[in-house]
Amino acid sequence: MQAARLHEYTDDMSDALSIDEIDRPDIERSDGVLVEVEGAGWCQTDNHIIEGMWDEYAPQDLPMTLGHENAGIVAETGDEVTLVEEGDPVICHPVQTCGICRPCRLGEDMYCKNSAFNGLTTNGGFAEYLLTNERAVIPLPDSVDPTEIAPHADAGITAYHAVKKAVDELNPGDTSVVIGVGGLGHIGLQCLEAMSAADIVAADIKDEALELAEELGARHTVNTADEDLPDVIADLTDDDGAQQVIDFVGGDETTSLAPEIVAAGGDHHVVGYGGHIHEPSQALVNGEFAYRGTLVGKYAELQELVALVDRGAVELRTERHDLGEINTVAERLEHNEIEGRAVILPP
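Here you go:
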């Protein structure tokens, strides 16, 4: 089968992955599930993996097939699999978990001690077939297109996971800020609108993104290239600040906003990454706010997100590309030229 493989780390996205002919994976465990890939979302994390940014945290054995946002049709199952059968449409949680370590027993799948992460620590779905396990697949309703929903396997569930934490702290009429209305942010904004009665402020540097934010439910929009976000938030909240800030950019310029825009006792959720947090400890003590990281989400949360998609509360803006165009997609995302999410189609 054909697969897009990373052979060495590089900053040059124009020639980052090669299309190789490799063996179709075989099921070797009784809980294995082989999925014929219908769509695989391209993510900013894929760019970071290519750059070697993740090697310190999750060492990779190169060459490796990338792709952690996958959905498709079950092609084959192991002997003990009962959840799905051949021909079922599924979305694949990016993490294959063991189910028996303490984090798994507590329902914290993302902290599994024995996990394999598609496209990061094991071969992913930029290929014709993906080998995963029963604990990672979620059957899809007939109304949901596997190709269209694929990016929800990471982008969607990550945005949902952050929003779910924020919603727990929001009351009707509170202010919540969404920073960055791109591939993740436009999903997070819809989740926030569907799950809370907060006043949503969307911030971005692109007018097109802010127009989309208004369409998706933002009550206020701020072009941070032209306006000072702390001043706008101060005016909107009578200087109280926003109870919850969800940062889908995660750059130095956005994380540094927290002391000025987060209300006392509030949270700044860091979803996008690549920047740093350099704030005086006194700023956190004075405002008693918190930075909260976001690492994908739980299996059950992907089930919940699929339910929101099925009822039409959350939709993806996507563009589709053939596997052979994969380096063009990587390069375009590096230059912030993709609206919504890019979905890679197998040959």
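For the sequence shown, UniProt numbering assigns the number 1 to the initial residue and increments by one for each residue that follows.
Yeah, the Cβ is synthetic: ideal placement off N, Cα and C, and Gly gets one too.
Given the structure is predicted, the values throughout are model-derived calculations rather than measurements.
Going by the beta-carbon positions, is the gap between Val343 and Trp42 smaller than 9 Å? Less than 9 Å separates the beta-carbon of Val343 from that of Trp42.
Rounded to whole angstroms, what's the CA-CA distance from Leu284 to Ile205? Just pull it up for me. Distance between Leu284 and Ile205, taken at the CA atoms: about 27 Å.
Would you tell me roughly how many angstroms separate the C-alpha atoms of Tyr111 and Val296, rounded to the nearest one? Annotation: Tyr111 to Val296 spans about 11 Å, alpha carbon to alpha carbon.
Since Leu106 and Ile50 should fall inside the 8 Å C-beta cutoff, what is the C-beta to C-beta distance between them, to a whole number of angstroms? Between the beta-carbon of Leu106 and that of Ile50 there is about 33 Å, and that puts the pair past the 8 Å contact cut.
If contact is defined by three or more beta carbon pairs under 8 Å, each pair taking one atom from either stretch, is the region 10–22 in contact with the region 55–62? In this structure the region 55–62 does not lie against the region 10–22, because fewer than three pairs of beta carbons, one per stretch, are closer than 8 Å.
Distance, Leu308 Cα to Glu85 Cα: Roughly 24 Å separates the two Cα atoms.
How many Å lie between Leu184 and Glu288 at the Cα? A direct Cα-to-Cα measurement between Leu184 and Glu288 gives close to 27 Å.
Between which two residues does the beta strand (DSSP E) harbouring Arg292 extend? Here the beta strand (DSSP E) through Arg292 covers Ala290 to Gly293.
Cα-Cα separation, Gly173 to Gly275: Each residue's alpha carbon lies about 31 Å from the other.
When burial is assigned at 16 or more other CB atoms within 10 Å of the CB, is Pro141 buried or exposed? Counting the other CB atoms within 10 Å of its CB gives Pro141 a total below 16, which places it among the exposed residues.
Cβ shell of Tyr273 (< 7 Å), same chain only, five flanking positions each side left out: By the criterion of a C-beta distance shorter than 7 Å, Tyr273 is surrounded in its chain by Gly250, once the five residues flanking it on both sides are discounted.
Beta-carbon contacts of Thr328 that lie in its chain and below 6 Å, excluding the five residues immediately before and after: Answer for Thr328: no residue qualifies.
Any alpha helix (DSSP H) of 4 or more consecutive residues that is wholly inside the region 216–267: List check, alpha helix (DSSP H) in window: 229–236, 252–255 and 258–261.
So, are the CB atoms of Thr132 and Val35 less than 9 Å apart? Yes, Cβ-Cβ distance for Thr132 and Val35 is below 9 Å.
9 Å Cβ cutoff met for Arg29 and Tyr299: No, these two residues do not count as a Cβ contact at 9 Å.
Name the residue from Gly119, Leu170, Ala166 and Asp168 whose alpha carbon lies nearest to the alpha carbon of Ala153. Ala153 has its Cα closest to that of Gly119, out of Gly119, Leu170, Ala166 and Asp168.
Please tell me whether Ala71 and Pro146 are closer than 9 Å, where the distance is taken between their beta carbons. Yes, the Cβ-Cβ distance between Ala71 and Pro146 is below 9 Å.
Same chain only: Cβ atoms within 6 Å of Asp240, ignoring 5 sequence neighbours per side: The residues are Ala263.
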